Amino acid sequence: MNSSEYLEITEETGPFIFKDRGSKFYGYAAPFNHLDDFKSMISHFRLMYPKANHVVSAYRDQPQKNQTFCSDDGEPKNSSGPPVLGQILQHNLYNTAVFVVREFGGKPLGIPGLINAYKTTTNGILLECKKMNVTPSINYTVQLDYTNKNWLSEIIEKHDGKIKSTSYLESISMSFTIPLSMNELFLSDLKNNKRYVDLIISESEKVD
C-alpha cells in the first residue's frame, strides 16, 4: 500500500462475541457511507437486541474529511465510545463504522473492565473484516467533441486516471477518475492546452 492509499472494510461483518462476568458484547462493523445509514443501524441493533442496555457506536469518515464520532450511549463517560473509536484508528481504517451491543449480566465491570471489553470486542470484529486498499480520487464528467477524444484520453492516462464510461451522441460524454495526488498536475496540463476551451466539465467531486 503506497502513502496515498488507505484501508476500508468491504462489507458488514458480525457479530464478534465477547463475554465478561455475565455481560455479553456483540460487535459489528460496516462501511460508513452516510450519517443517516449509521443512525439507522443503531436503531436496527436496538430492535435486534431488545434486552440490550447499550449500543455503543463509532465511525471514521473518508480521509478527505477525516471526521470521527463516538458515543458511550449511557455507559460511564469515555469508558466505551473512545475505546471503540481508538481501535478503528489503531487498525488505520477509514469509511468504517463499529457498533458494540451490550447485554448487562448483573455484575458491574468497572471502568477498566468496560474499556477492555469494548476494546477487545472492536479489535475482534475488525480483525475478521475483509478490507481493501483505496486510492482517493476525483470523479469527472466531461462533454467534448469527437476531435478531442484521443487528446483527453492521453492526458487521463498520463495522470494514472481511469475512464469509467463513454457515451457517443452529437458530442461525447466521458466519465473518469483521477487520483487525488495527481489532480493538481492533471488540471494544470488540461488548462495549459488550447483545446481546454472546447471542454465542458459538468461535474467534479471527490469520491472514494
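Residue 57 in numbering that gives the first Met the number 0 sits at position 58 of the sequence shown, with consecutive numbering throughout.
Built from N, CA and C at the ideal position, the CB exists for glycine as well.
No experiment lies behind these values; they were computed from the predicted model shown.
Segment contact: the segment 1–19 against the segment 126–133, three or more CB-CB distances shorter than 8 Å; contact assigned.
For GLU102, same chain residues with a beta-carbon under 6 Å away, outside a window of 5 residues either side, are LYS23, LYS50 and ALA51 in chain order.
In the DSSP assignment, LEU6 falls outside any alpha helix (DSSP H) and lies within the beta strand (DSSP E) extending over 5–8.
Beta bridge pairing from DSSP links GLU102 with LYS23. Counting of Cβ neighbours within 10 angstroms places THR120 among the buried residues, the total reaching 16 or more.
By the CB criterion at 8 Å, ASN77 and ASP71 fall inside the cutoff. Counting along the chain, LEU113 sits inside no beta strand (DSSP E); it lies in the alpha helix (DSSP H) bounded by residues 109–127.
Check the Cα spacing between LEU6 and each of HIS43, LEU88, PHE37 and VAL97: the tightest is with LEU88. For the 8 Å CB-CB criterion, ARG20 and LEU108 form a contact. The segment 137–145 and the segment 165–179 touch, with three or more beta-carbon pairs separated by less than 8 Å. Beta bridge pairing from DSSP links SER170 with no other residue. By the beta-carbon neighbour count (other beta carbons within 10 angstroms, threshold 16), LYS18 is exposed. Between PRO111 and the set GLU74, ILE171 and PHE37, the nearest pair of CA atoms involves GLU74. At a cut-off of 4 residues, the continuous stretches assigned as alpha helix (DSSP H) that sit fully inside the segment 43–105 are 80–89. The three-state secondary structure of ASN192, taken from DSSP, is coil. In the structure shown, the three-state DSSP call for ASN32 is coil. Remark: fewer than three beta-carbon pairs, one from each stretch, lie closer than 8 Å, so the segment 35–46 and the segment 80–87 are not flagged as touching. Distance between ILE171 and THR146, taken at the CA atoms: about 10 Å. The beta-carbon distance between PHE98 and PHE31, rounded to whole angstroms, is 11 Å. This is too long to meet the 8 Å contact definition.
Take the alpha-carbon of GLU169 and the one of ARG59: they are about 44 Å apart. Boundaries of the beta strand (DSSP E) harbouring ASN138: 136–143, taken from the DSSP string. Approximately 6 Å separates the beta-carbon atoms of ILE154 and ASP188; this is inside 8 Å, confirming the contact.
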